[in-house]
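Asks: The numbers in our numbering rise by one with no breaks, and the one at position 54 of the sequence shown is 54.
Built from N, CA and C at the ideal position, the CB exists for glycine as well.
Questions regarding the structure given below will be posed in turn.
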Amino acid sequence: MGKTKVKQPHGGALTPWQKGESGNPNGRPPSVLVRIREEIGIDFTTTIPKAELYQAIASMMELTSTDLKALFEHPSTPVFVRIVAKGLHDDMRTGNMRSLTEILDRIYGKPEQSSKVQLSGSLGLEALSDDELDEQIRELTK
């Protein structure tokens, strides 16, 4: 089917789809999780609410080094819990705060940072009329 090209102001041309025609006849490809589920039969559907995941992390942050080690070494501990517990344990052992910082930032958000800016002198804008200010803005935003 011959397509009609529509010239554009920039010099190029578009080839629009005909009415009822799709640009992606096979649809969106399945996600990685869907493909894995289909190929090996493991369902990756998350059933744990985010609030419970955060509560689990908060609880792990109160454990001792020995308890964290037991948690990540236990064979029936879910992978998510093992990864967080091992990261916290390793950081505690080495004196590194990276995992703890990342976890706290994820749960509570990064702390607000503020800056104090002091200008000395005058920009001279107060002497300009509204029209002159508008012109200055137009010049700066070109």
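(1) According to the Cβ coordinates, are K69 and H89 closer than 8 Å?
(2) Output the distance between the C-alpha atoms of I36 and D43, rounded to the nearest integer angstrom.
(3) According to the neighbour-count rule (16 or more other Cβ atoms, all chains shown, within 10 Å of its Cβ), is I83 buried or exposed?
(4) On the DSSP bridge assignment, give the partners of L14 in chain order.
(5) For S76, collect the residues of the same chain with a Cβ closer than 8 Å to its Cβ; drop the 5 residues on either side in sequence, then sort them by chain order.
(6) Give me, in chain order, the residues of the same chain whose beta-carbon lies closer than 8 Å to that of M92; leave out the 5 immediate sequence neighbours on both sides.
(7) In angstroms with no decimal places, state the Cα-to-Cα distance between P78 and I48.
(8) If you count every other CB in all the chains shown that lies within 10 Å of the CB of G11, and 16 or more means buried, which is it?
(9) So what's K142 in DSSP terms, helix, strand or just coil?
Replies: Let me lay it out:
(1) When the beta-carbon positions are compared, K69 and H89 come within less than 8 Å of each other.
(2) Taking the straight line joining both Cα atoms gives about 8 Å.
(3) Flag for I83 reads exposed.
(4) Bridge partners of L14: V6.
(5) Cβ contact annotation for S76 (same chain, cutoff 8 Å, sequence separation greater than five): none.
(6) Taking M92 as the centre and dropping the five residues before and after it, the same chain places the C-beta of S65 and L68 closer than 8 Å to its C-beta, in chain order.
(7) Roughly 12 Å between the two C-alpha positions.
(8) Within 10 angstroms of the beta-carbon of G11 lie fewer than 16 other beta-carbons, which makes it exposed.
(9) DSSP, read as helix, strand or coil, puts K142 in coil.
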